[in-house]
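Letter by letter, the sequence shown follows residues 33 to 216 of this note's numbering.
Note that the Cβ used here is the ideal one computed from N, Cα and C, for glycine as well.
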Amino acid sequence: MRVTGGSARGFTLISPKAPGVRPTTDRVRSALFNIMSRYSVEDSEVADLFAGTGSLGIEALSRGAARVDFVEANRRQINVIRDNLQSTGFSELGFVYNERVETCLVKLRPYDIVLMDPPYTEPFPEKIVTEIGNRRLLKNKGILVCGHSSRTPINSTYGLLECWDDRRYGDCSLAFFSYSSEDY
């Protein structure tokens with residue numbers, strides 16, 4: 033697994049084989065950030081929820097994000113994220129929370145971009161998506177991108193957030209959310 037663009041392009045990221053760990057593929061990450069190029073990743077504040085290896089957040093840092101907060105419950109994966117930040121030279125730009133996303137949301141602040149790729153073994157995290165919107169964890173014109181199984185249907189709205197695009201890449205889909213114009 034490699035960083036697909038930006039200053040750390042080509043760096044190999046550690047991706048241990050572990051139960052429940054399914055890193056976002058290079059192809060999907062590349063597609064995600066090509067879509068995100070319409071919006072400014074550069075100088076943005078980003079959260080990487082269900083961070084796993086940290087590949088999504090590190091990709092954002094490589095493409096110019098100012099800071100990324102990583103949230104991951106698995107203690108072993110925390111060391112992987114830290115090692116990947118170290119090897120790409122981004123240790124000073126990343127903060128790692130070792131706790132469940134559900135409990136960490138109260139500690140987070142508003143972000144320009146929230147990236148999340150929860151385990152496909154669980155249902156679509158509608159409570160978390162709704163809570164992100166209700167807690168105003170997206171800045172004005174902020175974007176939430178949620179990876180999910182292509183077999184999992186999603187709603188057009190979750191609380192204050194509207195899904196404005198849902199792209200399929202084999203078994204993976206990426207759903208894009210933002211506040212509806214009347215909610216912000």
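Three-state class that DSSP yields for residue i in the structure shown
i: Glu91; result: helix
i: Glu194; result: strand
i: Thr162; result: helix
i: Glu124; result: helix
i: Ser213; result: helix
i: Ala207; result: strand
i: Thr85; result: coil
i: Arg34; result: strand
i: Tyr71; result: coil
Endpoints, alpha helix (DSSP H) assigned at residue i
i: Ala63; result: Asp58 to Met68
i: Ile113; result: Arg107 to Thr120
i: Val138; result: That residue, Val138, is in no alpha helix (DSSP H); it is neither H nor E in DSSP.
Beta-bridge partners of residue i, as assigned by DSSP
i: Ile175; result: Ile145
i: Thr200; result: Residue identity differs from the one stated: residue 200 is Arg in this sequence, not Thr. Ser205, per the DSSP bridge assignment.
Start and end residues, beta strand (DSSP E) containing residue i
i: Phe102; result: Arg99 to Val103
Q: Kindly confirm or deny that the stretch 56-68 and the stretch 126-144 touch, where touching means at least three C-beta pairs closer than 8 Å.
A: Two segments are said to touch when three or more pairs of C-beta atoms, one from each, lie closer than 8 Å; by this definition the stretch 56-68 does not touch the stretch 126-144.
(Q) Tell me whether the stretch 102-120 and the stretch 167-177 touch, counting them as touching only if at least three CB pairs, one residue from each stretch, are closer than 8 Å. (A) No: the two stretches stay apart, fewer than three of their Cβ pairs being nearer than 8 Å.
**Q.** contact_flag[the stretch 143-155, the stretch 69-84] where n(CB pairs < 8 Å) is 3 or more
**A.** Result yes; three or more Cβ-Cβ pairs closer than 8 Å.
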